[in-house]
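J.: Structure in structure tokens, see below.
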Amino acid sequence: MKKLFIAVGISAVLLAACTREKIDEKKPEIDLTVSGAFPQNCDTLWLGESFTFRALFNDNAELGSFSIEIHDNFNHHAHSTEVTTCNLDPVKTPVNPLYFTNDFEIPPGLTDYETDLQISLPAGNNEGDFDEGDYHFFIRLTDREGWSAQKGLSIKLYRR
Amino acid sequence: MKTGNFLIGIVLATGIFFTSCQKEETPKPEIISFELGHENSKTGYIGSNLHIEAEIEAPGKIDRIKVEIHFEGNHDEKSAFAGTDEEGWEFDSVYTEFSGLKNTVFHKDIPIPEYAEEGDYHFHFSVTDMEGNQTYIDEELEILHGEGHSH
Chain A
396 MKKLFIAVGI
406 SAVLLAACTR
416 EKIDEKKPEI
426 DLTVSGAFPQ
436 NCDTLWLGES
446 FTFRALFNDN
456 AELGSFSIEI
466 HDNFNHHAHS
476 TEVTTCNLDP
486 VKTPVNPLYF
496 TNDFEIPPGL
506 TDYETDLQIS
516 LPAGNNEGDF
526 DEGDYHFFIR
536 LTDREGWSAQ
546 KGLSIKLYRR
Chain B
179 MKTGNFLIGI
189 VLATGIFFTS
199 CQKEETPKPE
209 IISFELGHEN
219 SKTGYIGSNL
229 HIEAEIEAPG
239 KIDRIKVEIH
249 FEGNHDEKSA
259 FAGTDEEGWE
269 FDSVYTEFSG
279 LKNTVFHKDI
289 PIPEYAEEGD
299 YHFHFSVTDM
309 EGNQTYIDEE
319 LEILHGEGHS
329 H
């Protein structure tokens, strides 16, 4: 009888160890519906000024990092899964478009994180002023497991 | 003695189950959706950007993504690969910025230079995960003189 217990015990431990290897299968989420979230689709950002990037991130297990990319949309290109269009300016050829990209780490151990990040946009570079017009604002969020979510917004970059 | 065998049986059975559970193979990367050219037209225009977009899931984590484009021939002369290597436009790039991700939306707009020849091209797209599993897509791509933008 004792032997039976031991055998069942060993089996139980083995099975438990096996099933416990459950891995995170869920992608993180980018929420721009929280109050104060910025930018929103079709918002305007100003060249040579700074803005506060505010979004709510969450994940079932643990958040990892996020990145922001701004690139021109002068050719009205499509991101099929992402961006909805606003009132677009006419198609034009880029002369000196702004390209911005940056990665940010999220403190470890968090499942919810609200960004409050000041980003300053340069007015130009050594080739002159950056082009005004239609741009895409891309947010990519990654959790510790490597799952990612993206959100693309159509924005305007102008100068005032 | 009978009980003894039975017990050993249980442990062995569990052992086998356990081993099989651990050996679970990582599935290959999956390309869930794919677009070559705007609205998947499989056409690019000289002097404009070639749009490539792919939604990828890789349980084994993406290691690298490779895009390769090379000239096949033009419509008139069907003699593909005939001495075009020197002048023709070729594109070959490996992207590692997605390394470590289990899923992503790959999106690139590749400029097609003015010197590119009109005609048929081969397009290869491959995703390799960190365990060396690879998934790829091969397409025929047509490159034409366009009206300046690829709409």
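Residue numbers (this note's numbering), protein chains in the order written: chain A, 396 to 555; chain B, 179 to 329. Just so you know, even glycine gets a beta-carbon here, dropped at the ideal spot from N, CA and C.
#1: Is there a Cβ from chain A that is less than 8 Å from the Cβ of residue 220/B?
#2: Can you pull out the residues from the stretch 278-292 of chain B whose beta carbon lies closer than 9 Å to at least one beta carbon of chain A?
#3: Going by C-alpha to C-alpha distance, which of 493/A, 448/A, 455/A, 454/A sits closest to residue 514/A?
#4: Determine, for residue 470/A, whether the minimum Cβ-Cβ distance to residues of chain B falls below 8 Å.
#5: Sorted by chain position, which residues of the same chain lie with C-beta nearer than 7 Å to residue 470/A's C-beta, five sequence neighbours on each side aside?
#6: Short check: CB of residue 321/B to CB of residue 212/B, under 8 Å?
#7: As a quick exercise: from 232/B, 294/B, 296/B, 317/B, pick the residue whose alpha carbon is nearest that of residue 285/B.
#8: To the nearest angstrom, how far is it from the Cα of residue 551/A to the Cα of residue 208/B?
#9: Buried or exposed for residue 536/A, please, with buried defined as at least 16 other CB atoms from any protein chain shown within 10 angstroms of its CB.
#10: Go through its chain and collect everything with a Cβ distance to residue 539/A's Cβ below 6 Å, but skip five positions before and after it.
#11: Could you pull the start and end residues of the beta strand (DSSP E) that residue 286/B belongs to?
#12: Find the residues of chain B that neighbour residue 543/A, judging by a C-beta separation of less than 7 Å, and give them in chain order.
#13: In whole angstroms, what separates the C-alpha of residue 309/B from that of residue 238/B?
#14: Output yes if chain A places a C-beta closer than 8 Å to the C-beta of residue 327/B; else output no.
#15: What does DSSP give as the partner residue(s) for residue 518/A in the beta ladder?
#16: Under 8 Å, Cβ to Cβ, is there at least one residue of chain A near residue 227/B?
#17: By alpha-carbon positions, which one of 444/A, 491/A, 510/A ends up nearest to residue 461/A?
#18: Can you name the residues that DSSP bridges to residue 250/B?
#19: Mapping DSSP to helix, strand and coil, what is residue 422/A?
#20: Count Cβ pairs between the stretch 438-446 of chain A and the stretch 497-510 of chain A that sit closer than 8 Å; are there 3 or more?
#21: Residue 242/B: which of 289/B, 214/B, 268/B, 312/B sits nearest, CA to CA?
#22: Please name the residue, chosen from 464/A, 548/A, 491/A, that lies closest to residue 525/A on a Cα-to-Cα basis.
#23: Compare the beta carbon distance of residue 547/A and residue 531/A with 8 Å and say whether it is the shorter of the two.
#24: Between the Cα of residue 519/A and the Cα atoms of 443/A, 549/A, 420/A, 451/A, which residue gives the shortest distance?
#25: List, in order along the chain, the chain A residues whose C-beta lies closer than 7 Å to that of residue 239/B?
#26: Would residue 258/B be called buried (16 or more neighbouring beta carbons within 10 Å of its own) or exposed?
#27: Pop quiz: residue 319/B and residue 224/B are said to be a contact at Cβ under 8 Å. What is the actual Cβ separation, rounded to whole angstroms?
T.: On the basis of the data shown:
#1: If you number the second sequence from 1, residue 220/B lands on position 42. Taking Cβ atoms only, chain A never reaches closer than 8 Å to residue 220/B, which makes this a no.
#2: Residues passing the 9 Å Cβ filter: 278, 279, 280, 281, 282, 283, 285, 287.
#3: Taking the first sequence and counting its residues from 1, the one referred to as residue 514/A is at position 119. Of the candidates 493/A, 448/A, 455/A, 454/A, the one whose C-alpha sits nearest the C-alpha of residue 514/A is 448/A.
#4: To locate residue 470/A, count along the first sequence from 1; it is residue 75. Yes, residue 470/A counts as interfacial toward chain B.
#5: For this step, residue 470/A is matched to residue 75 along the first sequence. Excluding sequence positions up to five before and after residue 470/A, its CB lies within less than 7 Å of the CB of 486, all in the same chain and listed in chain order.
#6: One-based indexing of the second sequence puts residue 321/B at position 143. One-based indexing of the second sequence puts residue 212/B at position 34. In this structure, residue 212/B does not lie closer than 8 Å to residue 321/B by Cβ.
#7: Locating residue 285/B in the second sequence gives position 107, where the first residue counts as 1. In terms of Cα proximity to residue 285/B, the closest of 232/B, 294/B, 296/B, 317/B is 232/B.
#8: Here residue 551/A corresponds to residue number 156 of the first sequence, with the count starting at 1. Here residue 208/B corresponds to residue number 30 of the second sequence, with the count starting at 1. Those two C-alpha atoms are separated by around 35 Å.
#9: The residue labelled residue 536/A in the question sits at position 141 within the first sequence. Around the beta-carbon of residue 536/A, 16 or more other beta-carbon atoms lie within 10 Å, marking it buried.
#10: Position 144 of the first sequence, counted from the start, is the residue given in the question as residue 539/A. Excluding residues within five positions, the ones whose Cβ falls inside 6 Å are 457, 459.
#11: Residue 286/B sits at position 108 when you count from the first residue of the second sequence. Looking at the DSSP string, the run of the beta strand (DSSP E) that includes residue 286/B is 281-289.
#12: Here residue 543/A refers to the residue found at position 148 of the first sequence. Within chain B, the residues near residue 543/A are 279, 281, 282.
#13: Mapped onto the second sequence, residue 309/B falls at position 131. Mapped onto the second sequence, residue 238/B falls at position 60. Spanning the two alpha carbons is a distance of roughly 6 Å.
#14: On the second sequence, position 149 is the one that residue 327/B refers to. Its pLDDT being 47, under 50, residue 327/B is placed unreliably by the model, and the measurement read from it follows with that caveat. Yes, residue 327/B counts as interfacial toward chain A.
#15: Looking up residue 518/A in the first sequence gives position 123. Partner(s): none; residue 518/A has no beta bridge.
#16: Translated into positions along the second sequence, residue 227/B becomes position 49. Closer than 8 Å: yes.
#17: Sequence index remark: in the first sequence, residue 461/A carries index 66 (1-based). Measuring from the Cα of residue 461/A, the nearest candidate turns out to be 510/A.
#18: Locating residue 250/B in the second sequence gives position 72, where the first residue counts as 1. BP columns for residue 250/B are empty, so no partner.
#19: The residue labelled residue 422/A in the question sits at position 27 within the first sequence. The answer is coil: DSSP assigns residue 422/A none of H, G, I, E or B.
#20: Contact fails between the stretch 438-446 of chain A and the stretch 497-510 of chain A, because fewer than three Cβ pairs, one in each stretch, are under 8 Å apart.
#21: Here residue 242/B refers to the residue found at position 64 when the second sequence is read from its first residue. Comparing alpha carbon positions, the residue from 289/B, 214/B, 268/B, 312/B closest to residue 242/B is 312/B.
#22: In the first sequence, counting from the first residue as 1, residue 525/A sits at position 130. Put simply, of 464/A, 548/A, 491/A the residue whose alpha carbon is nearest the alpha carbon of residue 525/A is 491/A.
#23: If you number the first sequence from 1, residue 547/A lands on position 152. If you number the first sequence from 1, residue 531/A lands on position 136. Yes, the Cβ-Cβ distance between residue 547/A and residue 531/A is below 8 Å.
#24: Here residue 519/A corresponds to residue number 124 of the first sequence, with the count starting at 1. For residue 519/A, the closest alpha carbon among the candidates 443/A, 549/A, 420/A, 451/A is that of 443/A.
#25: For the purposes of this step, residue 239/B is identified with residue 61 of the second sequence, where counting begins at 1. Within chain A, the C-beta atoms nearer than 7 Å to that of residue 239/B come from 541, in chain order.
#26: As a first step, residue 258/B must be located in the second sequence, where it is residue number 80. At residue 258/B the pLDDT is 47, less than 50, meaning the model places this residue with poor confidence and gives no usable figure here.
#27: Counting from 1 along the second sequence, the entry for residue 319/B is found at position 141. Counting from 1 along the second sequence, the entry for residue 224/B is found at position 46. In this structure residue 319/B does not touch residue 224/B by the C-beta definition: roughly 12 Å separates them, more than the 8 Å allowed.
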